[in-house]
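Visitor:
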Amino acid sequence: MELYAYGDHAAMVTFSQPPHKELTHRLLQLQADALNIPGVINALIGYNSVLVEWDPVSADPVMIMQKLQNWRSEGKGNSPPRHWQIPVFYGGTDGPDLYYVANYHHMTPNEVIALHSHRPYPIYCLGFSLGFAYLGGLPEALHTPRRASPRIRVPKGSVAIGGHQTGVYPSESPGGWQIIGRTPMVLANPAQDPPVSYVPGDTIEFVPIQRPQDENS
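Dropping the structure here:
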């Protein structure tokens, strides 16, 4: 574990291990403990780090840094992880890059769908945009290069693959990942509390669904 200052009123705690389930649990423990330190106002989880921010007026930076430096994981239980099933329309106008991904891996589109769906993907962290979950666990057989030219507009709910990762765009945004489907589920809502239901440590499973026949006619 390494600790260093991150500006005038924040510190970054990093771990040398690559992202994995056990590390995510340690990060969650550190996040919870950091938020209990007087003066700390936020703690954000990354792939293998936690950014701790404190009140620049009332907090004691020396005390906070000492507590972080002396922090040790005690194996305390976090809230039980939850499993989220996300329905996906694969292919067609919802997944314009499905055939590209299939051809790249010498598969059929149905083989890509079967390999991509019905498996738990752990959430390592949230970022990029509200509700965007960085997931682990994409089968190596589906690792696919990003697009040479990113799209200016990726539709809300798009399910995509980029390199060794897969994920969902919770809102319309630019993006360079290969779009293989789209979910009708609303994943982020700034008006609700909390705006995103899932958290790091949870798992996501993609479930193929079909559009009604009248929509395809």
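In our numbering, the protein residues as written are 723 to 939. In this text, a Cβ means the ideal position worked out from N, Cα and C, and glycines have one as well. If you're wondering where the values come from, they're calculated on a predicted model, not measured in any experiment.
1. Using the C-alpha atoms, what's the distance from A733 back to M787?
2. Count the CB pairs spanning the stretch 900 to 914 and the stretch 873 to 883 that are closer than 8 angstroms, and state whether there are at least three.
3. Could you name the residues of the same chain whose beta carbon sits closer than 7 angstroms to that of P930, not counting the 5 residues immediately before and after it, in chain order?
4. Can you tell me whether M734 is helix, strand or coil according to DSSP?
5. Is the beta carbon of V735 sitting closer than 9 angstroms to the one on E724?
6. Which residues in the same chain have their Cβ closer than 6 angstroms to the Cβ of D777, if we skip the five residues on either side of it in sequence?
7. Return helix, strand or coil for Y822, following the three-state DSSP convention.
8. Does N764 come out as helix, strand or coil in the three-state DSSP assignment?
9. Relative to the C-alpha of G898, which candidate in D915, V918, P934, P867 has its C-alpha closest?
10. Helix, strand or coil: how does DSSP classify R748 here?
11. Would you mind sorting P912 into buried or exposed? The rule is 16 or more other CB atoms within 10 Å of its CB.
12. Just to confirm my understanding: we take R804, look at its own chain, exclude 5 residues before and 5 after, and list those with CB closer than 6 angstroms. What are they?
Guide: With the given structure in hand:
1. Near 8 angstroms, if we compare the C-alpha coordinates of A733 and M787.
2. Short answer: they touch.
3. Contacts found: V810, Y812, I835, S839.
4. Correct three-state label for M734: strand.
5. Yes, the Cβ-Cβ distance between V735 and E724 is below 9 angstroms.
6. Result list for D777: G761, I763, in chain order.
7. In the structure shown, Y822 falls within a helical segment according to DSSP collapsed to helix, strand and coil.
8. Note: N764 maps to strand in three-state DSSP.
9. The residue among D915, V918, P934, P867 with its C-alpha nearest the C-alpha of G898 is P867.
10. Residue state, collapsed to three classes: helix.
11. By the neighbour-count criterion, in which a residue is buried when 16 or more other Cβ atoms sit within 10 angstroms of its Cβ, P912 is exposed.
12. Cβ neighbours of R804 beyond the five flanking positions: D924.
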